[in-house]
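Heads up: the structure comes next, in structure tokens.
Number of protein chains: 2
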Amino acid sequence: MSLDPAELRVLDAAKSCCERWGLAKVTIEDIANEAGVSRATLYRMFPGGKDVLFEALRVRELEEFFTRLSVHLDGADDFEDLLVRCVMHATHELRADQHLSLMLASEPGDTLGQLTVEGLPRIIGVATVFLAPLVDGYLPRAEGARVVELLSRLVISYFLAPSEQVDLGEPESARAFIQTFILPAFQPSLIRS
Amino acid sequence: MSLDPAELRVLDAAKSCCERWGLAKVTIEDIANEAGVSRATLYRMFPGGKDVLFEALRVRELEEFFTRLSVHLDGADDFEDLLVRCVMHATHELRADQHLSLMLASEPGDTLGQLTVEGLPRIIGVATVFLAPLVDGYLPRAEGARVVELLSRLVISYFLAPSEQVDLGEPESARAFIQTFILPAFQPSLIRS
DNA sequence: TGACGGTGAGACACGAAGTGTCTTACTGTC
DNA sequence: GACAGTAAGACACTTCGTGTCTCACCGTCA
Numbered sequence: 001m002s003l004d005p006a007e008l009r010v011l012d013a014a015k016s017c018c019e020r021w022g023l024a025k026v027t028i029e030d031i032a033n034e035a036g037v038s039r040a041t042l043y044r045m046f047p048g049g050k051d052v053l054f055e056a057l058r059v060r061e062l063e064e065f066f067t068r069l070s071v072h073l074d075g076a077d078d079f080e081d082l083l084v085r086c087v088m089h090a091t092h093e094l095r096a097d098q099h100l101s102l103m104l105a106s107e108p109g110d111t112l113g114q115l116t117v118e119g120l121p122r123i124i125g126v127a128t129v130f131l132a133p134l135v136d137g138y139l140p141r142a143e144g145a146r147v148v149e150l151l152s153r154l155v156i157s158y159f160l161a162p163s164e165q166v167d168l169g170e171p172e173s174a175r176a177f178i179q180t181f182i183l184p185a186f187q188p189s190l191i192r193s
Numbered sequence: 194m195s196l197d198p199a200e201l202r203v204l205d206a207a208k209s210c211c212e213r214w215g216l217a218k219v220t221i222e223d224i225a226n227e228a229g230v231s232r233a234t235l236y237r238m239f240p241g242g243k244d245v246l247f248e249a250l251r252v253r254e255l256e257e258f259f260t261r262l263s264v265h266l267d268g269a270d271d272f273e274d275l276l277v278r279c280v281m282h283a284t285h286e287l288r289a290d291q292h293l294s295l296m297l298a299s300e301p302g303d304t305l306g307q308l309t310v311e312g313l314p315r316i317i318g319v320a321t322v323f324l325a326p327l328v329d330g331y332l333p334r335a336e337g338a339r340v341v342e343l344l345s346r347l348v349i350s351y352f353l354a355p356s357e358q359v360d361l362g363e364p365e366s367a368r369a370f371i372q373t374f375i376l377p378a379f380q381p382s383l384i385r386s
């Protein structure tokens with residue numbers, strides 16, 4: 001994708017400026033200064049300005065998120081184990097994400113929007129791209145996409161509003177949840193591998 | 194002075210907005226919203242807008258600073274002890290001031306200006322007003338003002354750039370410093386009380 | 001050496017946002 | 001029922017951010 005070190009600097013600058021001042025208060029110039037590039041260069045890299053820049057930042061963050069997540073999914077024993085690991089480590093990642101918690105604290109409206117409304121389709125899209133290869137061994141493509149979408153929505157929901165009943169960060173709780181609510185729906189069509 | 198609870202709310206709002214976004218990014222409207230007053234009211238309270246408002250905030254912070262400091266100066270045994278307590282507790286106050294450390298971190302330029310250039314005369318002024326009554330017992334008024342000014346400058350300097358030689362937050366070090374550099378200058382005219 | 005791609009710096013017009021003032025209507029108090 | 005203080009919003013004015021463009025500069029490669 002984008003290997004240009006200057007672009008990475010700009011994205012890093014956008015991230016840290018965003019943490020310091022919030023999306024609403026940041027200007028293109030702030031980011032350009034922080035990144036040590038001129039405004040002209042920034043517009044050359046991200047034609048469209050702030051919107052495009054922050055879109056790119058969200059995509060990068062999302063891809064990093066799933067890259068980190070993938071590490072924990074490698075040795076999965078079976079379909080159930082794969083799903084349990086998915087929700088568990090995704091939950092851990094979310095809870096450990098400092099940038100996310102800063103954004104949720106300082107600008108809850110926009111951040112929630114990105115997690116639950118405008119941004120959700122992209123989250124599900126990226127999740128599907130990253131997780132499809134892993135689920136493919138167990139389920140037909142369309143079914144896999146369905147379960148990835150469902151789990152994405154659930155992980156986000158339980159992260160934002162923790163439940164008394166379920167803690168998707170806990171192995172036993174996550175396993176029980178998957179066994180009860182997810183697996184039954186797909187049982188008949190399961191493929192062993 | 195100003196006992197109006199709404200004014201206090203506005204000053205508190207200015208302080209917290211300032212910590213969140215920095216002086217440069219805050220707007221009058223942000224502060225009015227945070228304080229729960231209308232913009233019109235805010236201009237009525239502080240005619241002149243942002244400048245006047247933040248001036249008032251600095252004055253309040255400064256007076257609170259010296260009010261807290263005064264608590265530690267009551268039982269001073271003698272002139273030396275008074276000066277030692279002054280520099281020591283002032284240093285402690287400065288080091289413990291979260292607002293100050295936030296401001297120094299997020300907007301070092303403006304904050305340093307307030308501590309060392311534009312704001313210094315006021316700091317010295319308020320320090321003199323607060324400390325003069327305590328020093329009066331030992332020194333003539335003019336001499337007292339001189340020593341208060343000198344110590345103000347020194348405490349700020351050692352706070353901003355700690356020394357290897359001297360730690361004005363430590364009782365022994367502060368005492369040695371006062372004995373070596375301050376008392377000799379005033380010894381001849383000392384008045385016991 | 002000269003062409004070339006990429007960059008910083010700055011000018012520019014435009015639009016958005018903040019400012020400071022004012023008027024109006026509302027609310028609670030005496 | 002007069003009064004003081006306030007919220008809300010209109011208003012003109014100014015500042016600031018934006019997006020685009022031009023130009024000068026610099027290192028690279030031919």
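Sequence lines, in order, name chains A and B. Numbering follows the working numbering, with no gaps: position 193 of the first sequence is 193. To convert, take the position in the second sequence, counting from 1, and add 193; that gives the working numbering. Ideal placement from N, C-alpha and C gives every residue a C-beta, glycine not left out.
query = By the criterion of Cβ-Cβ separation under 8 Å, what are the contact partners of Lys50 (chain A) in chain B?
reply = Neighbours of Lys50 (chain A) across chain B, judged by C-beta separation under 8 Å, do not exist; the nearest C-beta is about 15 Å away.
Exercise for review: Note down, in chain order, every chain A residue with its Cβ under 8 Å from the Cβ of Lys218 (chain B).
Suggested key: Contact annotation for Lys218 (chain B) against chain A: Trp21 and Lys25 [CB-CB distance below 8 Å, chain order].
At what residues does the alpha helix (DSSP H) containing Gly318 (chain B) begin and finish? Unbroken alpha helix (DSSP H) run through Gly318 (chain B): Leu313 to Val328.
- Message: So, with DSSP's three-state summary, where would you put Gly22 (chain A)?
- Response: In the three-state reduction of the DSSP assignment, Gly22 (chain A) falls in the coil class.
_Tyr158 (chain A), DSSP secondary structure in three states_ = DSSP, reduced to helix, strand and coil, places Tyr158 (chain A) within a helical segment of the structure shown.
Item to check | Rounded C-alpha distance that separates Leu69 (chain A) from His89 (chain A) | outcome: Taking the straight line from one Cα to the other gives about 6 Å.
According to DSSP, simplified to helix, strand and coil, what is Asp97 (chain A)? Per DSSP, reduced to three states, the secondary structure at Asp97 (chain A) is coil, with no helix or strand assignment.
Check whether the segment 326-335 of chain B touches the segment 261-277 of chain B, taking contact to mean three or more Cβ pairs, one atom from each stretch, closer than 8 Å. These segments touch.
Worksheet item: If we call anything under 8 Å between Cβ atoms a contact, is Leu216 (chain B) one with Glu311 (chain B)?
Response: Taking 8 Å as the Cβ cut-off, Leu216 (chain B) and Glu311 (chain B) do not qualify as a contacting pair.
Residues of its chain near Cys210 (chain B), where Cβ-Cβ distance is below 8 Å and the 5 sequence neighbours each way are ignored: So the qualifying residues of the chain are Val219, Asp223, Ile224 and Glu227.
Which first and last residues belong to the alpha helix (DSSP H) in which Ile182 (chain A) is found?
That residue, Ile182 (chain A), is in no alpha helix (DSSP H); it is neither H nor E in DSSP.
Based on Cα-Cα distance, which residue from A:Val10, A:Ser157, A:Arg9 and A:Pro184 lies nearest to Val87 (chain A)?
For Val87 (chain A), the nearest C-alpha among the options comes from A:Ser157.
| message | Below 8 Å, how does it come out for the segment 228-237 of chain B and the segment 285-302 of chain B: are there three or more Cβ pairs, yes or no? | response | No: fewer than three Cβ pairs fall under 8 Å.
Note to self: Cutting at 6 Å between CB atoms, please list the residues of its own chain near Val245 (chain B), excluding the five before and the five after it.
What the structure shows: For Val245 (chain B), where only same-chain residues beyond five positions count, the Cβ hits under 6 Å are Phe239.
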